[in-house]
Ligand code: LLP
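In full-length UniProt numbering, the protein residues as written are 6 to 427.
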């Protein structure tokens with residue numbers, strides 16, 4: 006059951022607007038988002054963020070790498086989210102969208118000097134630090150700015166999130182976080198640094214996780230560290246449990262968001278950690294099902310063993326199928342009365358890996374528009390200009406209102422900044 010996108014008598018709608026009408030007016034490929042779906046997903050988290058007495062126990066920091074369009078950041082910011090960012094560019098986007106640096110946590114294994122300086126000057130809430138060399142760098146830059154840098158350490162809890170190896174991050178052999186056995190020592194090192202202020206502890210075990218148990222395992226490991234640190238005189242004020250909750254791409258059964266968040270928060274409180282401020286960093290579960298990618302059927306090409314449906318979107322627009330063999334449901338936005346046929350849905354890019362869906366039964370003809378569903382997370386944000394293809398337009402629907410929140414790139418923009426040798 007999708008929120009914000011519905012099928013009525015063979016026609017697909019984003020809220021009150023037909024997707025065919027959007028394709029006709031703005032062209033394809035184009036991403037379409039539903040404001041209602043964004044708001045709905047945020048509220049599902051937010052409901053769990055308060056205790057019975059009305060006091061706040063947790064806060065959502067949107068992992069903006071999933072979708073960093075300014076309009077979407079602005080909507081979330083107005084709803085009261087903070088942000089989880091991973092680059093100076095993302096910080097610049099938050100500020101441009103009307104968000105505050107003090108509502109941002111800064112994650113990532115490779116923060117550059119320039120990024121640390123930018124974030125310290127802007128006043129981010131916390132750096133999620135992943136190594137001693139990074140701590141030393143932050144301490145040194147903070148010293149030169151005569152500031153204290155707020156930090157948490159990202160713990161690698163070594164739990165198996167049982168997701169795709171490319172999006173699993175909490176295992177021993179991943180590049181992320183500080184090995185469980187080194188965490189206490191690293192906090193002690195941080196504690197001695199004059200320009201470091203220890204605020205919290207952080208972990209993130211992976212993405213598209215459909216089961217609550219790996220989260221609870223990771224929590225238990227992190228909570229045990231908090232107690233140990235307390236006994237050593239190091240107080241942890243917040244616990245950032247990362248993102249990772251999966252969504253339904255068609256046949257997946259993730260836990261309900263409010264149930265998921267309540268289970269984790271109740272677990273933390275039941276272990277006696279009521280004083281901790283908890284941070285969630287969801288990306289996919291806030292935006293994934295709030296967006297679709299519209300694409301035009303250019304050609305139907307019968308082959309010896311397979312039929313190909315060649316569309317005008319490609320791996321540069323939506324990389325998830327080629328990169329992770331990810332499944333996205335694909336539907337015609339307007340049903341046509343032709344014989345259903347089995348197709349591989351592929352793009353125009355010159356790569357065998359350029360496919361968007363395999364073995365799909367579709368009743369379509371050239372000129373029809375397809376919607377690739379659940380494309381709101383890691384869709385546009387991972388898109389590229391490969392094959393010198395302009396990036397798609399982005400449209401946001403709010404009831405009956407249609408807003409262009411990013412214009413389609415032009416060829417002129419694509420060449421901007423390049424020069425031949427005189
Ligand atoms: N926090 C940290 C530190 C992260 O690295 C990530 C995602 C998140 C939060 C948000 O995770 P989410 O709630 O979205 O699962 N491109 C891949 C997903 C990569 C996720 C990277 N980190 C995909 O398209 O499936």
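Idealized CB from N, CA, C, for every residue including glycine.
Q: List the DSSP bridge partners of residue 377.
A: 298 and 335
Q: Could you check if residue 304 is buried or exposed, using at least 16 other CB atoms within 10 Å of its CB as the buried criterion?
A: exposed
**Q.** Near the ligand LLP: residue 68 beta-carbon under 7 angstroms from a heavy atom
**A.** yes
Q. Between the C-alpha atoms of residue 144 and residue 103, what's the straight-line distance to the nearest angstrom?
A. 29 angstroms
Q: Mind checking which residues open and close the alpha helix (DSSP H) that includes residue 120?
A: 118 to 127
**Q.** Whole-angstrom distance between residue 78 and residue 96, CA atom to CA atom
**A.** 11 angstroms
Q) Of all the options 361, 39 and 299, which has the alpha carbon lying nearest to the alpha carbon of residue 324? A) 361
Q: Please confirm whether any heavy atom of the ligand LLP lies closer than 7 angstroms to the CB of residue 320.
A: no
**Q.** Distance between beta carbons of residue 296 and residue 404, contact taken as under 8 angstroms
**A.** Not a contact, Cβ separation roughly 17 angstroms.
Q: Answer yes or no: do residue 31 and residue 398 have a C-beta to C-beta separation smaller than 8 angstroms?
A: yes
Q: With a 10 Å radius around its C-beta and 16 neighbouring C-beta atoms as the bar for buried, classify residue 60 as buried or exposed.
A: exposed
Q: Run the CB neighbour count on residue 355, radius 10 Å, all protein chains shown included, and call it buried at 16 or more, exposed below.
A: exposed
(Q) Which of the three DSSP states is assigned to residue 310 in this structure? (A) coil
Q | Presumed contact (8 angstroms Cβ cut-off) between residue 82 and residue 98, rounded CB distance | A | 11 angstroms between Cβ atoms; not a contact.
(Q) By alpha-carbon positions, which one of 91, 108, 129 and 63 ends up nearest to residue 115? (A) 91
(Q) Please list the terminal residues of the continuous beta strand (DSSP E) segment that includes residue 68. (A) 63 to 68
Q. Relative to the ligand LLP, is the shortest distance from any of its heavy atoms to the C-beta of residue 120 smaller than 7 angstroms?
A. no
Q.
I want to check one thing, is the minimum distance from the CB of residue 286 to the heavy atoms of the ligand LLP below 7 angstroms?
A. yes
Q | Start-to-end residues for the alpha helix (DSSP H) that takes in residue 292 | A | 289 to 292
Q. With a cut-off of 8 angstroms, do at least 3 Cβ pairs link the segment 366 to 376 to the segment 405 to 415?
A. no
Q. When the distance is taken between beta carbons, is residue 377 closer than 8 angstroms to residue 300?
A. yes
Q: Using beta-carbon positions only, say whether residue 188 and residue 230 come within less than 8 angstroms of one another.
A: yes
Q) Rounded to a whole number of angstroms, what is the C-alpha to C-alpha distance between residue 402 and residue 18? A) 10 angstroms
Q: Report the option in 70, 254 and 291 whose CA atom is closest to the CA atom of residue 5.
A: In this structure the chain extends from 6 to 427, so residue 5 is not present and cannot be described.
Q. Taking only runs of the alpha helix (DSSP H) that begin and end inside the segment 200 to 274, which ones reach a length of at least 4 residues, in chain order?
A. 218 to 236
Q | Own chain residues within Cβ distance below 8 angstroms of residue 66, not counting five before or after | A | 86, 87, 88, 89, 108, 109, 110, 245, 284, 285 and 286
Q: My understanding is that residue 249 touches residue 210, with C-beta atoms under 8 angstroms, so please give their C-beta distance in whole angstroms.
A: 6 angstroms
Q) Are at least three pairs of beta-carbons, each pair with one atom in the segment 42 to 57 and one in the segment 265 to 274, less than 8 angstroms apart? A) yes
Q) Can you name the residues that DSSP bridges to residue 346? A) 367
Q: Could you give the DSSP three-state label for residue 80: helix, strand or coil?
A: helix
(Q) For residue 253 and residue 225, what's the separation of their Cα atoms in angstroms? (A) 27 angstroms
Q: Check whether the Cβ of residue 325 lies closer than 7 angstroms to any heavy atom of the ligand LLP, and answer yes or no.
A: yes
Q. Looking at the unbroken beta strand (DSSP E) that takes in residue 161, where does it start and where does it end?
A. 154 to 161
Q.
Looking at residue 423: is its Cβ nearer than 8 angstroms to the Cβ of residue 396?
A. no
Q) How should residue 33 be labelled, buried or exposed, when 16 other C-beta atoms within 10 angstroms of its C-beta is the threshold for buried? A) buried
**Q.** Inter-stretch contact (C-beta, 8 angstroms, three-pair minimum) for the segment 149 to 161 and the segment 197 to 205
**A.** yes
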